[in-house]
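Reminder that position 350 of the sequence shown reads as 349 in numbering that gives the first Met the number 0, one-by-one numbering, no gaps. A quick write-up on the structure given underneath.
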Amino acid sequence: MQGKSTESLLSLWTDELITTLIRSKSLCAGLFSTNGELIFANDSMSVLFKAEPFKSFINPTFDNLLLSDNSVPLIFEGFLTLGNYSSINTSLWAQVYRKENRLLVLGGVNAATLLEQNETMHQLNSEINNIQRELIKEKHSLEKTLIQLNEANVQLKKLNVDKDRFIAILGHDLKSPFNNVLGLSEALRNDINYLNKDEIIDMVNDIYKSSSITYKLLEDILMWARSQQGKIPFKPQNLSFDDICMNILETFIPNAKAKNIAINYSAADHVNVFADNDMLKMVLRNLVSNAIKFTNCGGAINISANQTDSNVTISVSDNGVGIPPESLTKLFDISEVITTTGTAKETGTGLGLLLCKEFVEKHGGKIWVESEVGIRSDFKFTLPRFSEAKNQAIN
């Protein structure tokens with residue numbers, strides 16, 4: 000009864016079922032004669048057939064289907080492969096029926112197989128997404144590495160330029176004083192028996208001056224090399240700037256007196272700084288030495304210290320020859336090292352100011368110069384006041 004009821008019910012929908020079967024994109028239907036002629040194929044089945052439809056049966060072949068037992072209408076049920084051997088094939092879960100000289104092929108996608116394929120596709124998509132994420136990470140990592148390599152390359156080029164400039168300084172600035180020492184020594188050796196005491200003393204003094212200049216040059220060069228290699232220890236501590244300054248000035252009293260130069264120090268209050276003792280002394284020595292070097296006889300040098308809540312600004316000014324505007328930006332650049340003779344023919348390497356810049360910046364401070372040609376030069380730099388600035392200074 001149930002079967003008849005179903006058939007009776009479906010008979011009401013015959014036209015709709017036939018229409019759906021014909022237009023279906025998932026259910027395949029084809030009707031053949033036993034001689035291989037295609038009588039009917041719906042849209043989805045037609046897509047699977049090649050030039051000769053009956054030859055599109057690969058497994059089982061059309062001939063093998065004809066050889067199947069046809070004592071019952073259903074002669075085949077299972078996976079049916081359609082296509083050709085030179086292209087992608089399609090497998091359907093199909094039933095093949097035979098009645099007299101007709102074969103009806105019905106097939107589609109097995110629901111369990113479809114779910115299995117969907118699960119496989121889901122896993123593949125997950126794996127592809129994971130691979131994409133990893134590739135994106137790798138890309139970002141490579142981009143970061145490339146940026147670092149570019150920065151390192153820029154730094155390497157700068158170091159090469161600095162190295163070339165450094166070698167040029169060695170060749171130029173060491174050659175002159177060594178030539179003086181060698182020339183004077185040779186003259187003294189060859190003519191000592193023909194020179195009087197005063198002439199010998201003058202030549203020895205000249206040899207001593209040239210040797211002192213050479214030694215100072217070597218000191219600057221070695222200090223610069225050590226700073227570039229990071230071999231100078233940095234140990235900031237709370238220091239009295241007043242004490243440091245007075246200690247430095249004592250060493251320059253003979254140089255200042257020789258040119259009748261007055262050196263004055265002033266500070267509103269007792270000034271403390273958080274700095275490395277040796278580095279601070281080196282900065283002050285270079286700035287005061289330069290001020291004496293480029294100040295005419297009878298001039299004056301003023302040193303002052305002004306403090307804010309966090310920093311101390313130290314100034315070393317003179318009323319000497321001043322610095323041309325085009326040279327101001329080159330004073331702290333290794334690629335533009337400038338060596339200028341002082342007012343009393345004093346010489347130097349130009350490395351002192353580079354060391355000042357490095358040591359001041361090591362503390363987290365900055366150094367700059369203000370100057371008017373023929374009137375004054377004022378070198379200023381900042382240092383932290385308190386130990387709370389230690390982390391900033393080291394970084």
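Think of the CB as a built atom: it goes at the ideal place given N, C-alpha and C, for glycine as much as any other residue.
Paired residues, beta bridge with residue i - DSSP
i    : result
K157 : None, per the DSSP bridge assignment.
W92  : F78 and G107
S32  : R101
T328 : Paired residues: none, contrary to the question.
F61  : Answer by DSSP bridge pairing: none, since F61 is not bridged.
Q236 : A274
C27  : G106
F56  : L81
L73  : Y96
Alpha helix (DSSP H) segment containing residue i, residue limits
i    : result
N399 : There is simply no residue 399 to check, as the chain begins at 0 and stops at 394 in what is shown.
I322 : Run containing I322: none; DSSP gives neither H nor E here.
K361 : L350 to K361
E15  : T13 to R22
Local conformation of residue i per DSSP, three classes
i    : result
N383 : Strictly speaking, residue 383 in this sequence is Pro, with Asn absent from that position. In this structure, P383 counts as strand in the three-state DSSP scheme.
C296 : coil
T307 : coil
I374 : coil
D275 : strand
V315 : strand
N301 : strand
I366 : strand
A290 : helix
I38  : strand
A343 : For A343, the pLDDT reaches just 49, beneath the cut-off of 50, and the residue's location in the model is therefore unreliable, although a value from the coordinates is still provided. Residue state, collapsed to three classes: coil.
S66  : One detail in the question is off: residue 66 reads as Leu in this sequence, not Ser. L66: coil per DSSP, three-state reduction.
L194 : coil
E51  : coil
S184 : helix
H121 : helix
H139 : helix
S86  : coil
K230 : coil
Nearest to residue i (by Cα), restricted to the options the options
i    : options                   : result
N289 : S23, N318, S67 and Q94    : N318
L102 : M120, H121 and T60        : T60
F31  : I135, L194, A40 and T89   : A40
S70  : K98, N276 and I252        : K98
F240 : G107, T312, L181 and S210 : T312
G35  : V104, E15 and T19         : V104
P316 : H362, I243, F233 and A261 : The question names Pro, but residue 316 in the sequence shown is Ser. Closest option to S316, Cα to Cα, is A261.
D42  : F378, A28 and K49         : A28
W367 : N301, L286, R384 and F385 : L286
G106 : L353, W92, Y214 and N178  : W92
K49  : N124, S309 and S85        : S85
L47  : G351, K24 and N189        : K24
G82  : P383, T328 and M44        : M44
L430 : L64, P72 and D377         : Shown here, the chain extends from 0 to 394; a query on residue 430 therefore has no answer.
R375 : R384, G298, G364 and Q306 : G298
E198 : S210, L183, V95 and R384  : L183
Boundaries of the beta strand (DSSP E) in which residue i is found, first to last residue
i    : result
V262 : In the sequence as displayed, the identity of residue 262 is Ile instead of Val. A261 to A266 is the extent of the beta strand (DSSP E) around I262.
Residue i beta carbon near the ligand GTP (any heavy atom closer than 7 Å)
i    : result
L286 : Among the components of this structure there are no ligands whatsoever, and the ligand GTP is therefore not found.
Item to complete: Decide yes or no for the touch test of the stretch 123 to 132 against the stretch 47 to 58: beta carbon pairs closer than 8 Å, at least 3 of them.
Response: no
Worksheet item: With contact counted as at least three CB pairs below 8 Å, one residue from each stretch, are the stretch 230 to 244 and the stretch 291 to 298 in contact?
Response: no
Worksheet item: So does the stretch 247 to 266 actually touch the stretch 296 to 303, counting three or more Cβ pairs closer than 8 Å?
Response: yes
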